[in-house]
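>
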Amino acid sequence: MRASGLLSELPEACPADHVCWVHDEHDPGFDAAVRQFLAGGAARGERLLVIGARAIAALDGDPAQLDAARLRADGALEVLGVDDAYAASEEFTVARQRAWYEAATHRARADGFTGLRVVAEMSALAADPRHADELARWEHVADEFMATDGGMSAMCTYRSDLPPAPLGAVAAAHPVVRANPRSVPFRVFFERDRVVLAGEVDAFDADRLAALLAATPAGARAVLDVGGLGFVGAAGLRVIARWAVELGGRGSSLELRGASSLLRRMWGLLALDDRAPVEFSPA
């Protein structure tokens, strides 16, 4: 099981970590968190990649926690500007970013590392209306890549003063989030055999959920684990039903795992079985 939840501290380093760390611009705890995340990867034999000026600046801390100079000299730590890793033009796409990170992970393994561990400061992309929606989709697809033994783990960092809509959209695509809980009412993330929907989904969040589900890679059968849902309103259930219909049009089917008795009752009251038949299964 991957680490997940709204956390104030980093979990122990694991190969499929995907953390969203929301920080104030001058938060000293941010620097320590970046170095801790990277140190966990170094201990696992992973190559480290740090992207963005604010994240790179965090490397200048205590060398007892992370000896960045030695790691860079050994080729175990690389740094890049945002423009070098993410297109700063209209070319920013999910497909491009996945190919870029697949190649970087493959190169790390070919060089003898166990995988690739990334810290990326993404605030500028999230603040750009040209890229905000595609960035949220990329975070979701990136999570699937990490969860299915892609060999990559990441801490994606965002400033807390970003507009609530793009910040909430990218945070929702991470299993582990450090942010104000009110800004991240739900999360959609991957386990190896299923998609997990956890938290609460009301009418205000339905469009955000729809966008993430639409970006979900799906095979012959999709499994949505809803056991971690504390609340879901009618609008959220209709989003799930529409996704089931879309999957059916692609020759796939949807299994809802761990649904509460209340959710199943609401599904029936809304007559969603007639529109989007799904298979309910226990947790």
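In the numbering used here, each residue's number is its place in the sequence shown (first place is 1) plus 6.
Note that beta-carbon positions come from the ideal geometry of N, C-alpha and C, so glycine has one too.
Suppose the cutoff is 8 angstroms on Cβ atoms and the five residues either side in sequence are ignored; what does the same chain contact list for Phe151 look like?
These residues qualify, in order along the chain: Arg104, Tyr107, Glu108 and Met158.
> When you compare each of Arg270, Arg41 and Leu219 to Ala240 by their alpha carbons, which one comes out closest?
Nearest C-alpha to Ala240: Arg270.
> Which of the three DSSP states, helix, strand or coil, is assigned to Thr111?
Note: Thr111 maps to helix in three-state DSSP.
> Take Leu276 as the anchor and find which of Val182, Arg248 and Arg193 has the nearest alpha-carbon.
Out of Val182, Arg248 and Arg193, Arg248 has the C-alpha closest to the C-alpha of Leu276.
> Using a Cβ-Cβ distance cut-off of 7 angstroms, determine whether Ser129 contacts chain B.
Reference to chain B is not applicable here, since this structure consists of a single protein chain.
> Tell me whether the region 178–190 and the region 109–121 touch, counting them as touching only if at least three CB pairs, one residue from each stretch, are closer than 8 angstroms.
Too few Cβ pairs lie closer than 8 angstroms, so no.
> Provide the residue span of the beta strand (DSSP E) that contains Glu285, from first to last.
Its beta strand (DSSP E) spans residues Glu285 to Ser287.
> Taking the alpha carbon of Ala64 as the reference point, which residue from Arg165, Ala138 and Gly35 has its own alpha carbon closest?
Measuring from the Cα of Ala64, the nearest candidate turns out to be Gly35.
> For Gln71, which option in Trp273, Ala38 and Gly254 has the closest C-alpha, if you only look at C-alpha atoms?
Ranking Trp273, Ala38 and Gly254 by Cα distance to Gln71 puts Ala38 first.
> So what does Gly122 bridge to, in DSSP terms?
The displayed chain sequence assigns Leu, not Gly, to residue 122. DSSP output for Leu122 lists Arg53 and Met158 as bridge partner(s).
> If contact is defined by three or more beta carbon pairs under 8 angstroms, each pair taking one atom from either stretch, is the region 173–187 in contact with the region 68–84?
No, they do not touch.
> At the level of alpha carbons, what is the spacing between Gln42 and Ala160?
When rounded, the distance between both Cα atoms is 12 angstroms.
> Go ahead and pull the three-state DSSP assignment for Glu18.
In this structure, Glu18 counts as coil in the three-state DSSP scheme.
> Since Val207 contacts Leu215 with CB under 8 angstroms, what's their CB separation in whole angstroms?
That pair is a contact at about 6 angstroms.
> Assuming Ser267 is part of the alpha helix (DSSP H), what are its boundary residues?
Ser267 -> alpha helix (DSSP H) spans Ser267 to Leu275.
> Val40 and Ala61: beta carbons closer than 7 angstroms?
Closer than 7 angstroms, so yes.
> Assign Ser95 to one of three DSSP states: helix, strand, or coil.
Any reading at Ser95 needs caution, since the residue's pLDDT is 48, under 50, leaving its predicted position unreliable; the model's value is listed next. Coil at Ser95, not helix or strand.
> Using the rule of at least 16 other Cβ atoms within 10 Å of the residue's Cβ for burial, across every protein chain shown, is Arg281 buried or exposed?
Counting Cβ neighbours within 10 Å, Arg281 comes out exposed, since fewer than 16 surround it.
> For Trp27, which residues does DSSP report across the bridge?
Trp27 is bridged to Thr163 and Arg184.
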